[in-house]
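The sequence shown runs 12 to 274 under the working numbering. Beneath this line is the structure, given in structure tokens, with notes to follow.
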Amino acid sequence: MSTPVSPPHPISRLMLGLIRARGRAGKANSSQQGLTLLECLMAVAVMALTIVAVAPPLVIASATRVQTRRAEQALQVAQAEVDRIRALVVRDDHRRNKLPAVVDVDALRTYVPSTISNLVKSPDQECNIYPGTSLPSRDEAVQVDIDGDCGADFFMQVIRTEGRTSIAEDSGQQRPSGFDLAVRVYSSVAARNPTTNVESENQLNNLRADQASLSLTSGDGRQLTRPLAVLYVNISWSDSDSTLCEYQGDQAENIETCQGVFE
Numbered sequence: 012m013s014t015p016v017s018p019p020h021p022i023s024r025l026m027l028g029l030i031r032a033r034g035r036a037g038k039a040n041s042s043q044q045g046l047t048l049l050e051c052l053m054a055v056a057v058m059a060l061t062i063v064a065v066a067p068p069l070v071i072a073s074a075t076r077v078q079t080r081r082a083e084q085a086l087q088v089a090q091a092e093v094d095r096i097r098a099l100v101v102r103d104d105h106r107r108n109k110l111p112a113v114v115d116v117d118a119l120r121t122y123v124p125s126t127i128s129n130l131v132k133s134p135d136q137e138c139n140i141y142p143g144t145s146l147p148s149r150d151e152a153v154q155v156d157i158d159g160d161c162g163a164d165f166f167m168q169v170i171r172t173e174g175r176t177s178i179a180e181d182s183g184q185q186r187p188s189g190f191d192l193a194v195r196v197y198s199s200v201a202a203r204n205p206t207t208n209v210e211s212e213n214q215l216n217n218l219r220a221d222q223a224s225l226s227l228t229s230g231d232g233r234q235l236t237r238p239l240a241v242l243y244v245n246i247s248w249s250d251s252d253s254t255l256c257e258y259q260g261d262q263a264e265n266i267e268t269c270q271g272v273f274e
């Protein structure tokens, strides 16, 4: 004969009810809990590490892109100057007072400017005074403005060799039969002193003649001392009979038609 089960004591029923209610409340609260302080600190640390890892490549990529863009603009400036001088020769208007300053043949690839000319080449005609009645000396660099604010964005050096001038021209307009031309375009930061980081008003600091290499950089790179664009071009006066003789160099005197053309 089975023993009858006595009903639970009222206090026991109350305790069981409280435990069940607390369990249901705990489940409800667990689904509504936010991030703990430790989880927030971990998230901040992960974000900081991500920024530290990503920032240097972004800075290098941005600086390299700016440098490449400047080099493209510098090349356009140099090519425009070559075209200007070539146009003078084509129009038979290349008198010596309209041509760049002269350097020795051996110095064409090494001679660098040391001062900044007052002449400015700009799309704004109010400040554009290049080319003018006077041209810069071989020690001076022309200020080049490309955005029309009349401020120097580049410095341009233009020099040439003497070339050879026929006897007929030597007593007339003195237009050379041909010459070698060099155009170097430096960034505006070339006027900045690398020690004090202050730009000079008329001095260029320890410039080099070799073109700056376009490598990955996080700053100005070699733009402080090296040109962004360099062009060496031979200019010949094709409309002159003496040009062919000038091409022959020292052998011109051995050609009958060239004898007596040059001194």
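We treat Cβ as the ideally placed atom computed from N, Cα and C, and that holds for glycine.
- Residue burial annotation: R76 is exposed, with fewer than 16 other C-beta atoms found within 10 angstroms of its C-beta.
- In this structure, D158 lies near D164, with their beta-carbon atoms less than 8 Å apart.
- Separation of the CB atoms of L119 and D191 is rounded to 6 Å, and the pair is thereby assigned contact status at 8 Å.
- Beyond the five residues adjoining it in sequence on each side, Y243 comes within less than 6 Å, by CB distance, of A193 in the same chain, given in chain order.
- In terms of Cα proximity to V200, the closest of V55, E137, N108, L239 is L239.
- Taking the Cβ atoms as the reference, V131 lies roughly 5 Å from Q154, within the contact range of under 8 Å.
- Rounded to whole angstroms, the separation of the alpha carbons of S198 and A85 is 8 Å.
- When the beta-carbon positions are compared, I246 and V100 come within less than 8 Å of each other.
- Burial check for A91: the Cβ neighbour count within 10 Å stays below 16, so the residue is exposed.
- For T126, the enclosing beta strand (DSSP E) stretches over residues 126-132.
- For D191, the enclosing beta strand (DSSP E) has its first and last residue at 189-198.
- Spatial neighbours of R219 in its own chain (CB-CB distance under 6 Å, excluding positions within 5 residues in sequence) are listed in chain order as T236, R237.
- Scanning its chain for C-beta atoms nearer than 6 Å, with the 5 sequence neighbours on each side dropped, one finds around P134 the residues G159, in chain order.
- In the DSSP assignment, the residues bridged to R171 are V113, L192.
- The C-beta of M167 has 16 or more other C-beta atoms within 10 Å across all chains shown, which makes the residue buried.
- According to DSSP, residue pairing for L242 in a beta bridge involves V194.
- The DSSP-derived three-state label of S73 is helix.
- Around the beta carbon of S188, 16 or more other beta carbons sit within 10 angstroms, so the residue counts as buried.
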